[in-house]
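In this note's numbering, the protein residues as written are 1 to 171.
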């Protein structure tokens with residue numbers, strides 16, 4: 001093999017290796033992806049979301065209820081789901097409804113606590129799926145087309161991307 005061919009082969013190897021992305025390289029901020037949604041009754045459903053987190057600090061322990069995780073803190077809940085419905089004009093609307101029983105405005109914001117996820121590998125990252133039970137996933141059975149905007153915080157208070165689901169047609 002002459003010198004010119006050797007340089008060409010080495011250059012090709014360097015180019016190929018530099019283009020290969022490390023599949024285990026994720027940002028420290030969590031990343032959400034929509035996977036599926038299934039309504040199993042008029043007001044109950046579950047949604048599956050995929051996630052990655054580069055530093056692997058997902059979820060809260062049951063004992064996480066003081067300090068930054070105090071009930072009055074925005075980090076007490078680490079999952080936020082905002083519901084929208086499609087109006088007769090074809091435009092998605094915020095789900096603000098005045099509740100006559102409680103005398104409060106229901107904003108359609110669903111908050112939950114994602115439980116602590118124990119790492120099972122030596123890797124820094126976590127990758128997996130959440131199945132989220134949504135009791136009262138819509139405010140009215142008249143809302144036939146809905147969508148959600150969803151985000152969550154990891155234990156270091158890194159906010160994920162704001163995921164918008166596709167339009168969901170419900171019974």
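Yeah, the Cβ is synthetic: ideal placement off N, Cα and C, and Gly gets one too.
One question on the structure: do residue i and residue j come within less than 8 Å of each other, judged by their Cβ atoms?
i           : j           : result
residue 49  : residue 150 : yes
residue 147 : residue 46  : no
residue 136 : residue 43  : yes
Provide the residue span of the beta strand (DSSP E) that contains residue i, from first to last.
i          : result
residue 52 : 44-53
residue 39 : 31-39
residue 68 : Run containing residue 68: none; DSSP gives neither H nor E here.
Exposed or buried, which one is residue i when buried takes at least 16 other CB atoms within 10 Å?
i           : result
residue 114 : buried
residue 59  : buried
Just to confirm my understanding: we take residue i, look at its own chain, exclude 5 residues before and 5 after, and list those with CB closer than 8 Å. What are they?
i          : result
residue 71 : 65
residue 68 : 75, 157
What is the rounded straight-line gap between the Cα of residue i and the Cα of residue j?
i           : j           : result
residue 87  : residue 122 : 49 Å
residue 39  : residue 119 : 31 Å
residue 166 : residue 101 : 32 Å
residue 81  : residue 109 : 6 Å
Spatial neighbours of residue i within its chain, please: C-beta separation below 6 Å, excluding the five flanking residues on both sides.
i          : result
residue 52 : 26, 31, 127
residue 79 : 112, 114, 152
Is any non-hydrogen atom of the ligand NAD found closer than 7 Å to the C-beta of residue i, if you look at the structure I gave you?
i          : result
residue 25 : This structure lacks the ligand NAD; in fact it carries no ligand of any kind.
Here's a check: name, in chain order, each residue in its chain whose Cβ is nearer than 7 Å to the Cβ of residue i, leaving out the five neighbours to either side.
i           : result
residue 116 : 59, 60, 61
residue 133 : 46
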